[in-house]
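*Asks:*
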Amino acid sequence: ALILGIESSCDETAVALVSSDRTILSHQLAGQEAAHAPYGGVVPEIAARAHADALPPLIEAALADAGVALRDVDAIAATAGPGLIGGVMVGLVTGKALALAAGKPLVAVNHLEGHALSPRLVDADLAFPYLLLLVSGGHCQLLLVKGVGSYARLATTIDDAAGEAFDKTAKLLGLGFPGGPAVERAAASGDARAVPLPRPLLGSAEPHFSFAGLKSAVARAADSGQYRAEDIAASFSQAVIDCLIDRTRRALAQAGEATALVVAGGVAANRGVRAALEQLAGEHGMRFVAPPLWLCTDNAAMIAWAGAERFAAGLTDPLDVAARPRWPLDPLAEPVRGAGV
Ligand code: ATP
Ligand code: MG
Ligand code: FE
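Once you know that position 216 of the sequence shown is 217 in the UniProt record's numbering, the rest is easy, because the numbers rise by one and skip nothing.
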C-alpha cells in the first residue's frame with residue numbers, strides 16, 4: 002500500500018510518501034527556525050500559520066517527486082497529536098480534506114507512535130517486542146513496544162525531557178535554537194571532565210529519568226564564568242548520556258522478552274548517545290537499532306510509516322476524529338509526580 006503522511010505537531014512541516022514495502026518515494030521538510038528564532042523558542046501561533054502556508058506546496062512537491070497522483074495513494078496518515086494544538090489541527094484537517102477529496106481512508110497517527118515505529122521503516126528484521134528509548138524534545142521514556150498500538154511504559158521523566166535539557170543548555174551557552182545539534186558541535190571540542198555536573202537518579206531503584214537538577218547545575222556553571230562553553234557542552238552531554246545509559250540498563254534487566262534495544266526521537270540523532278547505547282546493547286548481546294539521523298528528528302516519513310502499519314492492521318479513523326494535544330502512548334501509565342506522561 003502507498004501512504005501519504007503529514008506531520009505538523011511542532012515546528013517542522015513535513016509530507017512524505019512511503020509504501021508498505023519500506024520504500025520512501027519522497028520526503029519533504031520545511032523547517033521554521035527563522036520564523037521562531039527572534040523569540041528563542043517555538044511560538045504556537047506562528048507555527049500554526051507557517052504549517053498552513055507550507056503544507057499545500059509540500060504535498061504537491063511530494064507527489065511530483067514520487068511521480069504519483071493522489072488517486073494512487075491508498076491512505077492518508079496525519080499526526081493527530083500530541084503537540085501544539087494549532088499546528089496539529091492544520092495538518093489533521095489537511096489530511097481529512099485529502100482523504101475526503103480522494104475517497105481514501107484516514108489514519109490519525111500519534112506522533113510518538115511515529116517515532117516509536119520509525120526504526121521498523123529502515124530495519125525489516127526489527128520484530129516486536131523491543132525495548133525503546135524514546136528521547137525527544139518533549140519526551141524521555143522507556144517503552145516496551147509489543148506491537149502496533151501496544152506500548153507498556155517502563156519509565157518516564159519526572160521533570161524535563163532530555164531534548165529540552167539540550168535546548169536549555171544551548172540557550173544558556175548562547176548557541177541558538179534548536180539546541181541539540183549546536184551543543185553536540187560545541188561538545189566535540191570540549192573536555193567532558195572539565196565541569197562537575199550531577200547525574201540525577203543515577204543508580205536509583207525507581208525507574209524514571211530526571212534532568213531538572215542537571216539543567217540548574219549547567220546554569221550555575223555558565224553563570225560562574227569559570228568554564229569554556231565547549232567544556233560545559235561536553236560535560237553536559239556526558240552527564241545526559243550517563244543518565245540515559247544507567248536508566249536503560251536498569252530497564253533491560255526487566256525487559257527480558259525484548260528482541261532488540263532501539264532508540265528514536267530527536268536526541269537519538271546525537272552520536273554520543275547512539276554510541277553509548279550501541280555499547281550497552283553489545284554488553285547484553287542484544288541487537289541495537291537506531292534510525293538514520295534525519296529520521297530521528299521530526300519528519301513525515303515516520304508518520305506515513307506508522308500509517309502504513311496501522312492501515313495494514315485495519316486501524317483507520319473516521320473523518321471526525323479529534324486532534325489530541327495530549328496523547329500518551331501507554332494509556333495505562335500513571336502520571337509521575339504530575340510530570341510527563
Ligand atoms: P516530541 O517528539 O516529544 O513531541 P519534538 O517533536 O519537538 O518533541 P523531536 O523533533 O523529536 O522533538 O526532537 C527534537 C529535539 O531533539 C530537540 O530538543 C533537539 O534539541 C533534540 N536534538 C536534535 N538533534 C540533536 C542532537 N544531535 N543531539 C542532541 N539533541 C538533539
Ligand atoms: Mg523541530
Ligand atoms: Fe518529535
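All residues carry an ideal CB built from backbone N, CA and C; glycine is no exception.
No experiment lies behind these values; they were computed from the predicted model shown.
When you compare the segment 257–269 with the segment 134–154, are there three or more beta-carbon pairs, one atom per stretch, that lie closer than 8 Å?
*Replies:* Yes, they touch.
*Asks:* Along the chain, where does the beta strand (DSSP E) that runs through Val-274 open and close?
*Replies:* No beta strand (DSSP E) contains Val-274, which is instead part of the alpha helix (DSSP H) from 272–284.
*Asks:* Between the beta-carbon of Asn-271 and the beta-carbon of Glu-207, is there less than 8 Å?
*Replies:* For Asn-271 and Glu-207, no; Cβs fall outside 8 Å.
*Asks:* Kindly indicate which three-state DSSP category Ser-21 falls into: helix, strand or coil?
*Replies:* Coil at Ser-21, not helix or strand.
*Asks:* Using alpha carbons as the reference points, say which of Glu-165, Arg-251 and Val-43 lies closest to Ala-213.
*Replies:* Minimum Cα distance to Ala-213 is reached at Glu-165.
*Asks:* Would you list the residues whose beta-carbon is nearer than 5 Å to any heavy atom of the ligand ATP, in the order they occur in the chain?
*Replies:* Selection output, chain order preserved: Cys-11, Ser-137, Gly-138, Gly-139, His-140, Gly-164, Phe-167, Asp-168, Pro-179, Gly-180, Gly-181, Pro-182, Glu-185, Gly-266, Gly-267, Val-268, Ala-270, Asn-271, Thr-298 and Asp-299.
*Asks:* Just the Cα atoms here: how many angstroms apart are Val-290 and Gly-115?
*Replies:* Going from the Cα of Val-290 to the Cα of Gly-115 covers about 15 Å.
*Asks:* Under the DSSP definition of a beta bridge, which residues are partnered with Phe-289?
*Replies:* Answer by DSSP bridge pairing, in chain order: Leu-262.
*Asks:* What do you reckon, are the CB atoms on Asp-160 and Leu-203 nearer than 8 Å?
*Replies:* No, they are not a contact pair.
*Asks:* If you reduce the DSSP assignment to three classes, tell me which class Cys-11 lands in.
*Replies:* Three-state DSSP puts Cys-11 in coil, outside helix and strand.
*Asks:* Against chain B, with Cβ distances strictly below 8 Å, would Gly-267 count as a contact?
*Replies:* Absent from the structure is chain B; it holds one protein chain and no more.
*Asks:* Could you compute how far the alpha carbon of Glu-61 sits from the alpha carbon of Gly-266?
*Replies:* So the alpha carbons of these two residues sit roughly 27 Å apart.
*Asks:* Between the Cα of Asp-321 and the Cα atoms of Asp-192, Val-108, Val-149 and Ala-301, which residue gives the shortest distance?
*Replies:* The shortest C-alpha separation from Asp-321 is found at Val-108.
*Asks:* Between the segment 41–49 and the segment 87–103, do at least 3 Cβ pairs fall closer than 8 Å?
*Replies:* Enough Cβ pairs lie closer than 8 Å, so yes.
*Asks:* Report the rounded CA-to-CA distance for His-285 versus His-209, giving the unit in angstroms.
*Replies:* Each residue's alpha carbon lies about 21 Å from the other.
*Asks:* In terms of alpha-carbon separation, which member of Ala-125, Arg-200, Asp-126 and Pro-57 lies closest to Leu-30?
*Replies:* Measuring from the Cα of Leu-30, the nearest candidate turns out to be Pro-57.
*Asks:* Give every residue of the same chain whose Cβ lies closer than 7 Å to the Cβ of Arg-72, excluding the five residues on either side of it in the sequence, and list them in chain order.
*Replies:* Excluding positions up to five away in sequence, the list reads Ala-103.
*Asks:* Less than 7 Å separating the Cβ of Glu-13 from some heavy atom of the ligand MG?
*Replies:* Glu-13 Cβ: within cutoff of the ligand MG.
*Asks:* In this structure, how does DSSP classify Leu-135 when only helix, strand and coil are distinguished?
*Replies:* Of the three classes helix, strand and coil, the one that applies to Leu-135 here is strand, per DSSP.
*Asks:* Taking Cβ positions, are Ala-324 and Gly-82 nearer each other than 8 Å?
*Replies:* Yes, the Cβ-Cβ distance between Ala-324 and Gly-82 is below 8 Å.
*Asks:* Taking the alpha helix (DSSP H) that Leu-245 belongs to, which residues open and close that run?
*Replies:* Its alpha helix (DSSP H) spans residues 230–253.
*Asks:* Hey, could you find the ends of the beta strand (DSSP E) Val-146 is sitting in?
*Replies:* 141–148 is the span of the beta strand (DSSP E), which, as asked, contains Val-146.
*Asks:* With DSSP collapsed to three states, give me the class of Val-94.
*Replies:* Three-state result, Val-94: helix.
*Asks:* For Glu-310, does the count of other Cβ atoms within 10 angstroms reach 16, so buried, or fall short, so exposed?
*Replies:* Answer is buried; the Cβ neighbour count reaches 16.
*Asks:* Between the Cα of Asp-12 and those of Glu-34, Leu-3 and Ala-193, spot the shortest distance and give me the residue it belongs to.
*Replies:* When each option's Cα is compared against that of Asp-12, the closest is Glu-34.
*Asks:* Grouping DSSP H, G and I as helix and E and B as strand, with all else coil, what is Ile-47?
*Replies:* Note: Ile-47 maps to helix in three-state DSSP.
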